[in-house]
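Protein chains in written order, with the numbering used here: chain L, 1 to 151; chain X, 1001 to 1091; chain D, 2001 to 2093; chain W, 3001 to 3311. Built from N, CA and C at the ideal position, the CB exists for glycine as well.
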Amino acid sequence: MKKHAASARRVIFFLVLWFVLSEGEALLVGAAAVPAASWLSLRLLPATRPIHLLPLLAMTPNFLWRSLLGGLDVGRRALDPRMPINPGWIRLPVDLPDGGRVALGGELSLMPGTLAAGTDRGRLLVHVLDKDQDHARMIRIEERRLGSVSG
Amino acid sequence: MTSWLISLAVLLLLSLGGALWRVWRGPEPADRMIAAQLIGTGGVGIVLLLAAATDWSMIDVALVLALLAAVAAVAFAKAQSADSVGDPEEE
Amino acid sequence: MADVVTYFMTALGLGFYLAGTVAVIRFPDTYSRLHALTKADNVGLGFLIVGIAFQADSWMVVARLALVWGLALMAAGITAQLIARTALQRQSP
Amino acid sequence: MMALAETGFDLVLCAMIATTALLAIGVRDQFGAVVLFVVYSVFLGLGWLRLGALDIALAEVALGAGLTGLLLFGAHARLPASVPVPSGRAVWPAACAAGGSGLALGWAFLTLPEPVGLQEAVAANLGTSGVENPVTAVLLNFRSWDTLIESIVLLAALIGVWSVARDDAWGGQPGLRQHARHGGVLANFGRLLPPIGFMIGVYLFWAGSSKPGGAFQAGTVLAAVALVVFMGGAMRPPLVTARWLRLVCVAGPAVFLAVGLTGAASGVFLGLRPDLAKPLILAIEAVLTFSIAASLALSVIGPPEDPEDHV
């Protein structure tokens, strides 16, 4: 039953995508393309853990706000004549499934001061613009938020 | 409005000149790729400005550019791996 | 009113793009430059798209613009990790 | 004011295109030249947009910035680290030859009679073509010769690529064995992006009949999507001996030719009856899209290389 729900979610996603692309026309082509894309998607990325929409929506404003701060932070450092950057690396273990870890890495890369470079022996490699700031705490919070989206 | 949008596109295009300098200068392959991706994102912005100023159907070009810029980044990572068909993340 | 929002948002977007380019030119190492690419540029594109959306003549155009932004955001998060890892591998083989 | 802004944009864009081209030729670093070529395509795509040629802008962005970039990245990875760059005297004859042919082309262009333009003729006959996009009307109806032969050229290129395979590797999977870290960034992206890219490719095919898009643009996007699937290690490319694969590659030109021959039976080779033109064009484009996608993807990935890969 869970599997059907996951498949239905993919189909709905690609239906919406086709609707936006074709501006609501060409239902016939869509009728062929949507099942094909859903099949491909399920084949490549089988739905093991469902994505919960509400926690995802709940974290969106915070994500947008923090990526705006990220842009401001980089801009400020770049335009400051003294260019205050103090780069370094941190590594920390992450308790998320594979997809979640990649999503966390992508999210961190858009947030102020952090940039992920994949994982190394189970630990996330994060480049920071200012190694004196406490990034680890912020990353833990984001990890918990993402953990509640899937699982 | 049209002249405002196109003037912005001119400024954006000029700023891509700075990125072009970084592509030329490098020094690392990753530096050149970063600058190329910057030109890709800037290109998406310019296409959207032109679309708003002249013809909305240009958005399709922005869509394809955004998609294929991501594909190019994947190809870059593959080609820089140890045997050129691997993944830099492999240990 | 819509025009005022467009003027403001697109100008802001351009500002972020310019800051990103300055950072890519000025920052001293590859990883710091990568920060500039993913953060400043995508915020720039975001403001540009919001500004342009206020000129759209239909909701379909707005949805399409949102699609471009979504694709760009997803690509940025992944691209940053791929390029960073590539540079790291090259630096310490 | 608007004309001023537009002229400014065009001037800056021309300067950027020329600068990028010069840098791509002048840069000492091989990889730098590859990246500059990709960047050049982005600027060129903007140029096509300014000329109002959205179809070509789409093709330029998909082929130049996307697929050719992919091909060149792979090619660069296989070159030895230091290929001697010719310098000093060796450069001058090449520069003179290139400059001379550039001048000759410019002279030829300027002495040609003013082009009459076929837009009016196309617009007048668009009603009988079966489609609303004039570019598609020209490519698949009024001058379908060109498109037919282009699709055959792609097939011939693939045969050429395959013909350089080593005998002991023939029959295996094309290219070297692609691999990616399980659950890593590359593997996840290679599974997330393709279905979305597939939808965009199908959309471009459908769009071709009424607005910019068409088989070549769609085929290029689909080829790039297939390559991402392979590069992410999610699926392996099919064996070069697979019958269905060869069928997909041949189907486009074959259907095109078959429709052309039925036209010949009623008088004009490649002629389409106006009342049947729309379904015929859609059918040709649908099959052609997948043939182009398969031929392009297989040409980029290269011939089978690994004798161990025999199944």
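Pick helix, strand or coil for N2042(D), following the three-state DSSP scheme. Taking the first residue of the third sequence as position 1, residue 2042(D) is located at position 42. Helix, per DSSP.
Looking at the unbroken beta strand (DSSP E) that takes in D3146(W), where does it start and where does it end? Mapped onto the fourth sequence, residue 3146(W) falls at position 146. Where D3146(W) is concerned, there is no enclosing beta strand (DSSP E), although the alpha helix (DSSP H) it sits in stretches over S3144 to S3163.
For chain D, check one thing: does any of its Cβ atoms lie closer than 8 Å to the Cβ of I1006(X)? As a working mapping, residue 1006(X) is identified with position 6 in the second sequence. It does not: the Cβ of I1006(X) has no partner Cβ on chain D nearer than 8 Å.
DSSP on P3307(W), reduced to helix/strand/coil? Indexing the fourth sequence from 1 puts residue 3307(W) at position 307. In this structure, DSSP gives P3307(W) a helical state, which the three-state scheme calls helix.
Cβ of P2983(W) within 8 Å of Cβ of L110(L)? The structure shown does not extend to residue 2983(W), since chain W spans only 3001 to 3311, so no value can be given for it.
So, does the stretch 3178-3193 of chain W touch the stretch 3249-3260 of chain W, judging by three or more C-beta pairs under 8 Å? Flag = no, the stretch 3178-3193 of chain W and the stretch 3249-3260 of chain W do not touch.
Distance, S3041(W) Cα to A1051(X) Cα: For the purposes of this step, residue 1051(X) is taken as residue 51 along the second sequence, with counting starting at 1. For the purposes of this step, residue 3041(W) is taken as residue 41 along the fourth sequence, with counting starting at 1. One Cα belongs to A1051(X), the other to S3041(W), and the distance between them is close to 19 Å.
Environment of K2039(D) [buried if 16+ CB atoms lie within 10 Å]: In the third sequence, the residue the question calls residue 2039(D) occupies position 39. K2039(D) should be labelled buried.
Return the chain-ordered list of same chain residues with a C-beta closer than 8 Å to the C-beta of L1065(X), the five sequence neighbours on each side being excluded. Your numbering for residue 1065(X) matches position 65 in the second sequence. Excluding sequence positions up to five before and after L1065(X), its CB lies within less than 8 Å of the CB of G1040, G1043, V1044 and V1047, all in the same chain and listed in chain order.
Nonlocal neighbours in the same chain, by C-beta distance under 7 Å from G3047(W), ignoring five residues either side: For this step, residue 3047(W) is matched to residue 47 along the fourth sequence. Counting only Cβ-Cβ distances below 7 Å, and skipping sequence neighbours, we find L3013 and I3017.
One question on the structure: do L3296(W) and L3112(W) come within less than 8 Å of each other, judged by their Cβ atoms? In the fourth sequence, counting from the first residue as 1, residue 3296(W) sits at position 296. In the fourth sequence, counting from the first residue as 1, residue 3112(W) sits at position 112. For L3296(W) and L3112(W), no; Cβs fall outside 8 Å.
Around the Cβ of M3231(W), are there at least 16 other Cβ atoms within 10 angstroms (buried) or fewer (exposed)? Along the fourth sequence, one-based indexing puts residue 3231(W) at 231. Counting every other CB atom within 10 Å of its CB across the protein chains shown gives M3231(W) a total of 16 or more, marking it as buried.
Could you give the distance in angstroms between the alpha-carbon of A3059(W) and the alpha-carbon of T3220(W)? As a first step, residue 3059(W) must be located in the fourth sequence, where it is residue number 59. As a first step, residue 3220(W) must be located in the fourth sequence, where it is residue number 220. A3059(W) and T3220(W) have their alpha carbons spaced roughly 8 Å apart.
So F3109(W) contacts chain L; which residues on that side make the cut at Cβ distance below 9 Å? Here the question's residue 3109(W) lines up with position 109 in the fourth sequence. Near F3109(W) there are no residues of chain L at all, since even the closest Cβ is about 39 Å away, more than 9 Å.
For the beta strand (DSSP E) containing R91(L), list its first residue and its last residue. Here the question's residue 91(L) lines up with position 91 in the first sequence. For R91(L), the enclosing beta strand (DSSP E) starts and ends at G88 to P93.
Taking only beta-carbon atoms, is L2082(D) less than 8 Å away from chain X? Along the third sequence, one-based indexing puts residue 2082(D) at 82. Closer than 8 Å to the CB of L2082(D) there is at least one CB belonging to chain X.
Closest Cβ-Cβ distance between A2087(D) and chain X: below 8 Å? Taking the third sequence and counting its residues from 1, one reaches residue 2087(D) at position 87. Closer than 8 Å to some Cβ of chain X, the Cβ of A2087(D) qualifies, so yes.
Buried or exposed for P3115(W), please, with buried defined as at least 16 other CB atoms from any protein chain shown within 10 angstroms of its CB. Here residue 3115(W) corresponds to residue number 115 of the fourth sequence, with the count starting at 1. Exposed, since its Cβ has fewer than 16 Cβ neighbours within 10 Å.
Note down the Cα distance separating L1016(X) from A3098(W), rounded to an integer number of angstroms. Here residue 1016(X) is taken as the residue at index 16 of the second sequence, counted from 1. Here residue 3098(W) is taken as the residue at index 98 of the fourth sequence, counted from 1. Taking the straight line from one Cα to the other gives about 28 Å.
Determine the extent of the beta strand (DSSP E) in which R123(L) is found, giving its start and end residues. Taking the first sequence and counting its residues from 1, one reaches residue 123(L) at position 123. Segment R123 to V128, the beta strand (DSSP E) holding R123(L).
What would DSSP say about D120(L), mapped onto helix, strand or coil? As a working mapping, residue 120(L) is identified with position 120 in the first sequence. Strand, per DSSP.
Could one say the Cβ of V1047(X) lies closer than 8 Å to chain L's Cβ atoms, at least one of them? Stepping through the second sequence from its first residue, residue 1047(X) is reached at position 47. Chain L, which has no Cβ nearer than 8 Å to the Cβ of V1047(X), makes this no.
Would a C-beta distance cut-off of 8 Å place V3185(W) and G147(L) closer than the cut-off? The count along the fourth sequence starts at 1 and reaches residue 3185(W) at position 185. The count along the first sequence starts at 1 and reaches residue 147(L) at position 147. For V3185(W) and G147(L), no; Cβs fall outside 8 Å.
In chain order, what residues of the same chain lie with their CB nearer than 7 Å to the CB of L3227(W), ignoring the 5 residues before and after it? For the purposes of this step, residue 3227(W) is taken as residue 227 along the fourth sequence, with counting starting at 1. Result list for L3227(W): L3070, A3297, V3300 and I3301, in chain order.
8 Å is my cut-off, CB to CB: does R1092(X) come that close to chain D? Residue 1092(X) lies beyond the range of chain X shown here (1001 to 1091); nothing can be said about it.
Run through chain W and tell me which residues come within less than 8 Å of V94(L), C-beta to C-beta. For this step, residue 94(L) is matched to residue 94 along the first sequence. Within 8 Å Cβ-Cβ: nothing; V94(L) doesn't reach chain W, min ~12 Å.
Close beta carbons around Q3173(W), own chain, < 7 Å, minus the five adjacent residues each side: Taking the fourth sequence and counting its residues from 1, one reaches residue 3173(W) at position 173. Correct list, in chain order: R3236, P3237, L3239, P3304 and D3309.
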